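Engineer: Numbering (my numbering), first residue to last: 39 to 420. Note that beta-carbon positions come from the ideal geometry of N, C-alpha and C, so glycine has one too. Nothing here was measured: the structure is a model prediction, and the numbers come from that model. Structure incoming, see below.
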Ligand SMILES: Cc1cc2nc3c(=O)[nH]c(=O)nc-3n(C[C@H](O)[C@H](O)[C@H](O)COP(=O)(O)OP(=O)(O)OC[C@H]3O[C@@H](n4cnc5c(N)ncnc54)[C@H](O)[C@@H]3O)c2cc1C
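Written out as structure tokens, the structure reads:
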């Protein structure tokens, strides 16, 4: 399919393609095996300007386009979704700063994120809060010139390797979601530490761990915007970031499809009608996922006001088809599909996680249904 990339998008695709083939491919097995974060590679991606696409021009970036993020992330994920996640967490972590921080905060943090000198992450999830995002138990109490944060975040991507975090904490428990605030926290603030490092099924090159706050002193100027706005900003940030998760899933599906197709062609199996049907379905589903992701990305980039439903579409369908395509690809290759050297078992392990993180697919279905119900309400009120 032709998606009519502009010149900038073509160049970005080429750069991501070269990084994926020349730098990601040689190390993906070892990083997956050891569950090791690719710090050297991520820094080199910074040198090559890959973080600039998450940052506005006035703060050292090349302008924020969701389409750019999707193009870059898909191509890297086609080779390794763990490394694609390690990279794209930069967009999730910097998003709230880009959209909601003050000019001083942006000037202080974004230029270093743009070059990759500082890595950033995003911390919402806790034992009792993830799907139920409003149930955050981490507290932030104002004390003179500081907020004092206490609580434990879990499953935080890149936690132990990042320099800066967007952290959600409750500044007023009596107000529920409206009492949640967002803070920019640096990894050297007193009272911050890293808990358990998780050993995961997939996406293993992106390290995941707890982020612990024990009387952590955060300067009051690191509150983002106003107290009580953290929840709404975060939901908006997720809406912008979800096409990127769709792109990670799409990269996995594309890679699995290409691997299986090569194998089937070389083993003279493409003339088999059963194989043909499976291949045709895989190719169609992958292209449908790509169209959905690009349409959502273009819609968000156009400045549309409401895009929750499109954003959920762009994460739900690609992640479901990634699991399906990997499963079918393994089936088509028979015993060879189960071997590590064909990467399909890794791709399946990675794909499963795309159905879970940044809002499970059950939650995406709930968002889509809620938006449809709202649309019906408007239709019949009018
Ligand atoms: C590899 C990985 C990386 C992650 N990175 C980050 C990160 O960087 N930052 C961060 O903040 N978080 C991160 N997370 C956390 C992730 O976003 C959450 O785990 C996820 O959104 C699920 O939320 P939960 O943990 O509350 O699970 P739960 O909500 O407890 O999910 C358990 C099950 O219940 C279902 N469920 C829950 N509520 C409903 C409902 N209302 N309707 C239907 N079904 C429901 C879920 O779909 C799921 O099947 C990461 C997770 C993983 C696995």
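Under 8 Å: do the segment 122 to 138 and the segment 39 to 51 share three or more Cβ pairs, one atom per stretch?
Structural biologist: no
Engineer: Is the beta carbon of residue 222 closer than 8 Å to that of residue 262?
Structural biologist: In contact: residue 262 and residue 222 (Cβ atoms closer than 8 Å).
Engineer: Return yes when at least one heavy atom of ligand 2 lies under 7 Å from the C-beta of residue 92, else no.
Structural biologist: With respect to small molecules bound, the structure shown includes ligand 1 and not ligand 2.
Engineer: Should residue 309 be counted as a contact of ligand 1 given a C-beta to heavy atom distance under 7 Å?
Structural biologist: no
Engineer: Name the DSSP bridge partner or partners of residue 230?
Structural biologist: 251
Engineer: If you draw a straight line from the C-alpha of residue 131 to the C-alpha of residue 308, how long is it?
Structural biologist: 44 Å
Engineer: Taking 7 Å as the cut-off, does the CB of residue 426 come closer than this to any heavy atom belonging to ligand 1?
Structural biologist: Only positions 39 to 420 of the chain appear in the structure, and residue 426 is not among them; the question remains open.
Engineer: For the pair the segment 258 to 274 and the segment 321 to 339, tell me if three or more CB-CB distances fall below 8 Å.
Structural biologist: no
Engineer: Would you mind reading off the limits of the beta strand (DSSP E) that contains residue 224?
Structural biologist: 218 to 224
Engineer: If I measure Cβ to Cβ from residue 153 and keep anything under 6 Å in the same chain, skipping five residues before and after, which residues do I get?
Structural biologist: 84
Engineer: Identify the continuous alpha helix (DSSP H) that holds residue 269 and give its terminal residues.
Structural biologist: 268 to 304
Engineer: Taking 8 Å as the cut-off, decide whether the C-beta atoms of residue 368 and residue 241 are in contact.
Structural biologist: no
Engineer: Can you list, in chain order, the residues of its chain with a C-beta nearer than 6 Å to that of residue 112? Leave out the 5 residues immediately preceding and following it.
Structural biologist: 285, 288, 289
Engineer: My output table needs one value for residue 196: the three-state DSSP class, helix, strand or coil.
Structural biologist: Residue state for residue 196 is assigned as coil, using DSSP reduced to three classes.
Engineer: Less than 8 Å between the beta carbons of residue 189 and residue 207, yes or no?
Structural biologist: Result yes, Cβ atoms of residue 189 and residue 207 sit closer than 8 Å.
Engineer: For residue 246, which beta-bridge partners are listed by DSSP?
Structural biologist: 195
Engineer: Our contact map puts residue 233 next to residue 244 with C-beta atoms below 8 Å; I'd like the distance itself, whole angstroms only.
Structural biologist: Residue 233 to residue 244, Cβ: 17 Å. No contact.
Engineer: Is residue 154 helix, strand or coil by DSSP?
Structural biologist: coil
Engineer: Quick check: is any heavy atom of ligand 1 less than 7 Å from the C-beta of residue 238?
Structural biologist: yes
Engineer: Confirm the yes/no value for this check: CB of residue 193, any heavy atom of ligand 1, distance under 7 Å.
Structural biologist: Result yes, Cβ under 7 Å from ligand 1.
Engineer: Tell me the rounded alpha-carbon separation between residue 82 and residue 359.
Structural biologist: 32 Å
Engineer: At a cut-off of 7 Å, would you count residue 15 as near ligand 1, judging by its Cβ distance to the nearest heavy atom?
Structural biologist: Nothing in the structure corresponds to residue 15, since the chain is present only between 39 and 420.
Engineer: For residue 189, name the three-state secondary structure that DSSP assigns.
Structural biologist: strand
Engineer: Taking the straight line between their C-alpha atoms, what separation do you get for residue 129 and residue 147?
Structural biologist: 13 Å
Engineer: Please indicate yes or no: does the CB of residue 230 lie closer than 7 Å to some heavy atom of ligand 1?
Structural biologist: no
Engineer: Any chance the segment 371 to 387 sits against the segment 294 to 301, with 3 or more Cβ pairs inside 8 Å?
Structural biologist: yes
Engineer: Based on the DSSP secondary-structure assignment, which residues constitute the bridge partners of residue 181?
Structural biologist: Residue 181 is bridged to 184.
Engineer: Buried or exposed for residue 418, going by 16 or more other Cβ atoms inside 10 Å?
Structural biologist: Answer is exposed; the Cβ neighbour count stays below 16.
Engineer: For ligand 1, is there a heavy atom less than 7 Å away from the beta-carbon of residue 354?
Structural biologist: no
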